[in-house]
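Chemist:
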Amino acid sequence: MNSKKGVSKWKRLQETVLTLLLGNIPTKAIGSNLRTFFYRSIFAKLGKGVYLQDSVEFINTPCIEIGNRAQILRGANINAIGNPKNNISIGDGVQIQQGVDIRALNDTHLKIEEETFIGPYVCIAGPGNIKIGKGCLIAAHCGIFANNHNFVDPIQYIARQGITRKGIVIEDDCWLGHGVTVTDGVTIGRGSVIGAGSVVTKDIPPYSIAVGTPAKVVKSRIAEQSVTNDHLPVRS
Numbered sequence: 161m162n163s164k165k166g167v168s169k170w171k172r173l174q175e176t177v178l179t180l181l182l183g184n185i186p187t188k189a190i191g192s193n194l195r196t197f198f199y200r201s202i203f204a205k206l207g208k209g210v211y212l213q214d215s216v217e218f219i220n221t222p223c224i225e226i227g228n229r230a231q232i233l234r235g236a237n238i239n240a241i242g243n244p245k246n247n248i249s250i251g252d253g254v255q256i257q258q259g260v261d262i263r264a265l266n267d268t269h270l271k272i273e274e275e276t277f278i279g280p281y282v283c284i285a286g287p288g289n290i291k292i293g294k295g296c297l298i299a300a301h302c303g304i305f306a307n308n309h310n311f312v313d314p315i316q317y318i319a320r321q322g323i324t325r326k327g328i329v330i331e332d333d334c335w336l337g338h339g340v341t342v343t344d345g346v347t348i349g350r351g352s353v354i355g356a357g358s359v360v361t362k363d364i365p366p367y368s369i370a371v372g373t374p375a376k377v378v379k380s381r382i383a384e385q386s387v388t389n390d391h392l393p394v395r396s
């Protein structure tokens, strides 16, 4: 047990020293290349061709995995601290724009799959598990929050009443417009589009277009495609 604690402290020291020394060096040719070379010793995984812009903050890097060709821009915060079982996995080709805040919190798995785009100042937070599928588009200022506060007792402070953590799944090929909020316990089905400013509080079926607060399905992309195909000219 003591040896494990020693290794953990050593890893934390390595992380602190390397990120302080290298985290703010600008330019791709020097800063990003130095970071990816030296950071491989502290991350659970750091793939090939990764671009890490300056001023990106990483916390608890042994619980963070980054795939090939991922890009993480200035001011992003990737925080896996809080539990040794935490895991943040960023897939191949994922783009994380400036100011994005990703937090695991407590025994949490956060997974962003291949080729997904996370827009500026998006917040993705546990402690419930979160999975964002392949090829998704998450626009600026969206909030994806896998937790909910209990507030049954009006006498106790809400902060002392605990939370629920059901988790969130956003399936492949979804597009969330600017400022969408996704609450705990929700699954957004594959290929769905959520209108800007909507608040998703219930499951959305695959290939749906949903808008509003709370978000309601207003159209099916499958039905729309079917109508379009019915009017195509017949080839002889």
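In this note's numbering, the protein residues as written are 161 to 396.
For every residue, glycine included, the Cβ atom is placed at its ideal position computed from N, Cα and C.
Predicted, not measured: the structure shown is a model, and the values here were computed from it.
1. What does a CB cutoff of less than 6 Å around F277 pick up in its chain, not counting 5 residues either side in sequence?
2. Go through its chain and collect everything with a Cβ distance to V167's Cβ below 6 Å, but skip five positions before and after it.
3. According to DSSP, what are the bridge partners of N239?
4. Ignore the nearest five residues each way along the sequence and tell me which others in I185's own chain have a CB closer than 8 Å to its CB.
5. Taking the straight line between their C-alpha atoms, what separation do you get for R200 and T341?
6. Quick check on this structure: which residue in P365, R381 and V329 has the alpha carbon closest to the alpha carbon of I304?
7. How is L233 classed by DSSP in three states: helix, strand or coil?
8. For I318, does the three-state DSSP call read helix, strand or coil?
9. Mind checking whether R350 and I369 have CB atoms under 8 Å apart?
Modeler: From the atom records:
1. Q255 and L297
2. For V167, the pLDDT reaches just 46, beneath the cut-off of 50, and the residue's location in the model is therefore unreliable, leaving the point undetermined.
3. I219 and R263
4. G191, L194, R195 and D214
5. 34 Å
6. V329
7. coil
8. helix
9. no
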